[in-house]
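Protein chains in written order, with my numbering: chain H, 10 to 564; chain X, 3 to 232.
Note that the Cβ used here is the ideal one computed from N, Cα and C, for glycine as well.
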Amino acid sequence: QGTILDSYVRTEGAWLLNPKKQTYKTNSKEECAERCENENTFICRAFLFTSKDQQCLTLAENTKTAVIFRRTDAVLYEKRIYLLECKMRNGVDYRGTEAKTQRGVPCQKWSDNVPHKPNYTPEKYPQAGLEENYCRNPDNDEKGPWCYTTDPATRFDYCNIPECEVECMHCSGENYHGVVATTESGLECQRWDSQKPHSHGYLPENFPEKDLKMNYCRNPDGEPRPWCFTTSPTKRWEYCDVPRCTTPPPVPAPGRQCLSGRGEDYQGTISVTESGNTCQHWSSQSPHRHARTPENYPCKNLEENYCRNPDGEKMPWCYTTNRTARWEYCTIPFCDGAEPEAPAVDVPDQAQITEECYEGNGVTYRGTASFTLTGKKCQAWSSMSPHRHNKTADQFPNADLKENYCRNPDADRRPWCYTTDPSVRWEYCNLKKCSDQVPATLPKPPQTTLEPNHDCIHGNGKDYRGTVSKTGRGRTCQEWSSQIPHSHDYFTPVTHPGAGLDKNYCRNPDGDVNGPWCYTTDPRKAWEYCDIPKCPPAQYECGISKFRPKLCAQR
Amino acid sequence: IVAGCISHPHSWPWQISLRTSFGLHFCGGTLIDPQWVLTAAHCLEKSSRPAAYKVYLGLHRERALEASVQKRGVEKLFKEPHRVDIALLKLSSPAIINDYVIPICLPKENSMLGGREKCYVTGWGETKGTGGDGYLKETGFPVIENKICNRPEFLNGRVGNHELCAGNIHGGTDSCQGDSGGPLVCKDQDKFVQHGVTSWGLGCAQPMKPGVYVRVSNYITWIKNVMENN
Numbered sequence: 010q011g012t013i014l015d016s017y018v019r020t021e022g023a024w025l026l027n028p029k030k031q032t033y034k035t036n037s038k039e040e041c042a043e044r045c046e047n048e049n050t051f052i053c054r055a056f057l058f059t060s061k062d063q064q065c066l067t068l069a070e071n072t073k074t075a076v077i078f079r080r081t082d083a084v085l086y087e088k089r090i091y092l093l094e095c096k097m098r099n100g101v102d103y104r105g106t107e108a109k110t111q112r113g114v115p116c117q118k119w120s121d122n123v124p125h126k127p128n129y130t131p132e133k134y135p136q137a138g139l140e141e142n143y144c145r146n147p148d149n150d151e152k153g154p155w156c157y158t159t160d161p162a163t164r165f166d167y168c169n170i171p172e173c174e175v176e177c178m179h180c181s182g183e184n185y186h187g188v189v190a191t192t193e194s195g196l197e198c199q200r201w202d203s204q205k206p207h208s209h210g211y212l213p214e215n216f217p218e219k220d221l222k223m224n225y226c227r228n229p230d231g232e233p234r235p236w237c238f239t240t241s242p243t244k245r246w247e248y249c250d251v252p253r254c255t256t257p258p259p260v261p262a263p264g265r266q267c268l269s270g271r272g273e274d275y276q277g278t279i280s281v282t283e284s285g286n287t288c289q290h291w292s293s294q295s296p297h298r299h300a301r302t303p304e305n306y307p308c309k310n311l312e313e314n315y316c317r318n319p320d321g322e323k324m325p326w327c328y329t330t331n332r333t334a335r336w337e338y339c340t341i342p343f344c345d346g347a348e349p350e351a352p353a354v355d356v357p358d359q360a361q362i363t364e365e366c367y368e369g370n371g372v373t374y375r376g377t378a379s380f381t382l383t384g385k386k387c388q389a390w391s392s393m394s395p396h397r398h399n400k401t402a403d404q405f406p407n408a409d410l411k412e413n414y415c416r417n418p419d420a421d422r423r424p425w426c427y428t429t430d431p432s433v434r435w436e437y438c439n440l441k442k443c444s445d446q447v448p449a450t451l452p453k454p455p456q457t458t459l460e461p462n463h464d465c466i467h468g469n470g471k472d473y474r475g476t477v478s479k480t481g482r483g484r485t486c487q488e489w490s491s492q493i494p495h496s497h498d499y500f501t502p503v504t505h506p507g508a509g510l511d512k513n514y515c516r517n518p519d520g521d522v523n524g525p526w527c528y529t530t531d532p533r534k535a536w537e538y539c540d541i542p543k544c545p546p547a548q549y550e551c552g553i554s555k556f557r558p559k560l561c562a563q564r
Numbered sequence: 003i004v005a006g007c008i009s010h011p012h013s014w015p016w017q018i019s020l021r022t023s024f025g026l027h028f029c030g031g032t033l034i035d036p037q038w039v040l041t042a043a044h045c046l047e048k049s050s051r052p053a054a055y056k057v058y059l060g061l062h063r064e065r066a067l068e069a070s071v072q073k074r075g076v077e078k079l080f081k082e083p084h085r086v087d088i089a090l091l092k093l094s095s096p097a098i099i100n101d102y103v104i105p106i107c108l109p110k111e112n113s114m115l116g117g118r119e120k121c122y123v124t125g126w127g128e129t130k131g132t133g134g135d136g137y138l139k140e141t142g143f144p145v146i147e148n149k150i151c152n153r154p155e156f157l158n159g160r161v162g163n164h165e166l167c168a169g170n171i172h173g174g175t176d177s178c179q180g181d182s183g184g185p186l187v188c189k190d191q192d193k194f195v196q197h198g199v200t201s202w203g204l205g206c207a208q209p210m211k212p213g214v215y216v217r218v219s220n221y222i223t224w225i226k227n228v229m230e231n232n
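In structure tokens form, the structure reads like this:
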């Protein structure tokens, strides 16, 4: 059974500035979704729900059109259908923002009368999504979305909307999001989040943008087509048979004759490698047998023996006609202004005795911590996946936004980062404030696996499993599994199985920086922090060095 | 270590140097407990006698002249019973844990390292002319999923499930001879965890030939049993 939220994409820690919105008080996010579904003052594309105060805002825009901000304890839900720029079946539900016909003529607004007097108007067909001049399919036309055109001589024309790769795939199926879950020989696929019968490294949280859901066939690693691990102990993995879409794939951006970035869009005709070897034709298997054929990679322009970069390499390459050199990079001239990445300047080689802590609000922190308070890995600042953002090195040149290290580019309270968890946009980092440090005392050998101490808290206390059940103001805590006197559905033993929400003990299920809290039995007070002492830092913990490693890597 | 860089002194305090009885370095190892070191079984092929080996801890330079150096004999050797390239050494007496000597954490049993994880290897082994000889060097690179590593153009099916690959597919940096037995560590929150024991490779730092490491999480039960029973 699904819930109303299945058709929404959830992102924690996100906030949208939105002129068109309505504010409600709801007890649950489902109720808030109901509000959005039934919103009649505008088309509700998303809603915001704040977990502790249970405030609900329905929004006309989403992250495609509105600026997104960071905010703790806020969760953004966006209606999936409005995020997709592709169509399913004949596109009657298409709600993307394509506004040109297949011949490139701009569409006429559905609410306009010129140059064409429309039969289909927003007033007559309120459910057809006839906004602005976006392509739509109000009459269930089998040829798909269309629009009235701004060309007086052409009343209407169809639009070129790519098919969502839910029932079929384009190219090599890198964007396939369908539900085929058996291999070409009929074996059932293993779930991606399981390690049985085959252990593997394709952890969904490590490949957030690859949609490694359930046991559906996917192509996360540049194979010719989608595949999965199988439930047969004797067959580790196998390709799947996913139908190819009948409509043409999305039109790629025009190629370049020079090198920009990694050259994935290079479409020039250089066919000699950097050491002077002639390139082998991609369609040939001699002298080197390979799988990078034009048939396997229909959308990578593997023409003739031209240098290409079909698989995320660092620059265009080719197999060579030299038997002793299987493949080599090619030397492609850079496009103007597309400077090569400057080599990393090596840190001068001196021993630094520093603790992993930050001064003040952490704006000057330059350490290498890269995990958040709740243990999520940080997203690299240079990456836009899974979270698009504007905290880039060129926007914040003095913020040292390197790798995925915790930083505080916008002078927040403490260092933070975007997370690799698609559903959690950002979190504060797992760093102590230097002023909280206490000097190390005489050494005592640590155990390799430390047993947590239940009378005090480490960091923000997210691992606290003690039995304190009164708030700092002396109020008794409400049972987490109870809805009385305060009904809540967000933090329950069911929704947060790993958070230790036993009885009415103080806990920190949402990684609140101020530590464990609980709902209270006082009807006038929904929730309050608890007062639990901090544990003294252990002298030596396994895996933590007193001298910060350089962490150099080959560039 | 080929390429990479000279590490900050004592910034990998679990790294140990496995030596002959007359003090010649020949393999790496990792301190996992004040009295126990994890290394590669193939480092112990020269002799099955514990007295043939010495363990040096708390050093940055191979010469081991620093005041922080601790030297221990080996009381007992334990090779993994199914000929996997991993072994345990019990030191003749516990090492003193201080700023320069700290054990590494071990992963949870059968925990799987995700692809793309960034991990680090360290050692005093062969540098292939990339400098830093005689100093503890380090380098970092991503884990490569076994499925990719076993592709024809990589290691063509040679890597078993009990092993993991790590390196840059266009080569350039790698562990090498003399680093064997040492740690492949990855960060987990604020701690480093040892996921691999440096085991083998086809050459060093060659394109499409990542290094191969024994997957430590497969052997947590064996490690615990040996430590508890000895």
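Of the listed residues the options, nearest to residue i (C-alpha basis)
i	options	result
X:V86	X:L204, X:M229, X:G198, X:N232	X:G198
H:D521	H:E537, H:E70, H:R533, H:S491	H:E537
H:E436	H:R79, H:R253, H:C65	H:R79
H:T35	H:D464, H:P154, H:H495, H:H207	H:H495
X:M114	H:K118, H:P213, H:E172, H:E368	H:P213
H:N224	H:G231, H:Q204, H:T243	H:Q204
X:K211	X:E119, X:Q191, X:H172	X:H172
X:Q208	H:R335, H:Y185, H:R557, H:K219	H:R335
H:E87	H:N142, H:C95, H:V101, H:E70	H:E70
H:L510	H:Y275, H:T377, H:V477	H:V477
H:G264	H:T256, H:D274, H:G270	H:D274
X:T32	X:H84, X:W16, X:T22	X:W16
X:P36	X:Y58, X:N152, X:I150	X:Y58
Nearest-angstrom Cβ-Cβ length linking residue i and residue j, presumed shorter than 8 Å
i	j	result
X:G117	H:Y211	6 Å
H:D26	H:V76	Before going further, note that residue 26 of chain H is Leu rather than Asp in the sequence given. Sure, about 6 Å apart at Cβ, within 8 Å.
H:V123	H:D160	At roughly 12 Å, the Cβ-Cβ gap does not stay under 8 Å, so H:V123 and H:D160 are not in contact.
H:C254	H:H179	5 Å
X:G134	H:C561	Between H:C561 and X:G134 the Cβ distance is about 11 Å, and since that is not below 8 Å, they are no contact.
H:C515	H:P502	No, H:C515 and H:P502 are not in contact; Cβ-Cβ is about 15 Å, not under 8 Å.
H:R416	H:Y374	7 Å
X:I106	X:F24	No, X:I106 and X:F24 are not in contact; Cβ-Cβ is about 28 Å, not under 8 Å.
H:E183	H:Y143	Incorrect: roughly 26 Å between the Cβ atoms, too far for contact.
H:C544	H:I466	6 Å
Paired residues, beta bridge with residue i - DSSP
i	result
X:L28	In the sequence as presented, Leu is not what sits at residue 28 of chain X; that position holds Phe. Answer is none; X:F28 lacks a bridge partner.
X:P185	X:V199
H:F78	H:W24
H:P115	H:K109
H:L311	According to DSSP, which records beta bridges pairwise, H:L311 is partnered with nothing at all.
H:R397	In DSSP, H:R397 forms no bridge with anything.
H:I553	BP columns for H:I553 are empty, so no partner.
X:Q72	X:L59
Proximal chain X residues relative to residue i, where beta-carbon distance stays under 8 Å
i	result
H:Q204	N112, M114
H:W246	K149
Chain-ordered chain X contacts of residue i [CB-CB under 7 Å]
i	result
H:R335	E155
H:D419	None at all; the shortest Cβ gap to chain X is about 23 Å.
Interface residues of chain H facing residue i [CB-CB closer than 7 Å]
i	result
X:N163	S208
X:H172	K323
Neighbouring residues, chain X, relative to residue i (Cβ below 9 Å)
i	result
H:N439	Q191, D192
H:K555	H12, S13, P15, N100, D101, Y102, I104
Contacts of residue i in chain H (Cβ-Cβ under 8 Å)
i	result
X:E119	G210, N215
X:K81	Residues of chain H passing the Cβ test: none, with the nearest at roughly 21 Å.
X:V145	G210
X:V195	G552
Contacts of residue i in chain H (Cβ-Cβ under 9 Å)
i	result
X:K211	The contacting residues do not exist; X:K211 stays about 11 Å from chain H at best.
- prompt: What residue ranges within the stretch 190-269 of chain H form continuous beta strand (DSSP E) runs of no fewer than 3 residues, ordered along the chain?
  reply: 236-238, 246-248
task: Output the residue ranges of the beta strand (DSSP E) runs that lie fully inside the stretch 98-137 of chain X and measure 3 residues or longer, sorted by chain position.
output: 120-125
- request: Run through the stretch 500-561 of chain H for me and flag every whole beta strand (DSSP E) of 3 or more residues, listed as ranges in chain order.
  value: 526-528, 536-538
- prompt: Hey, which unbroken runs of the beta strand (DSSP E) at 3 residues or more fall wholly within the stretch 128-158 of chain H?
  reply: 155-157
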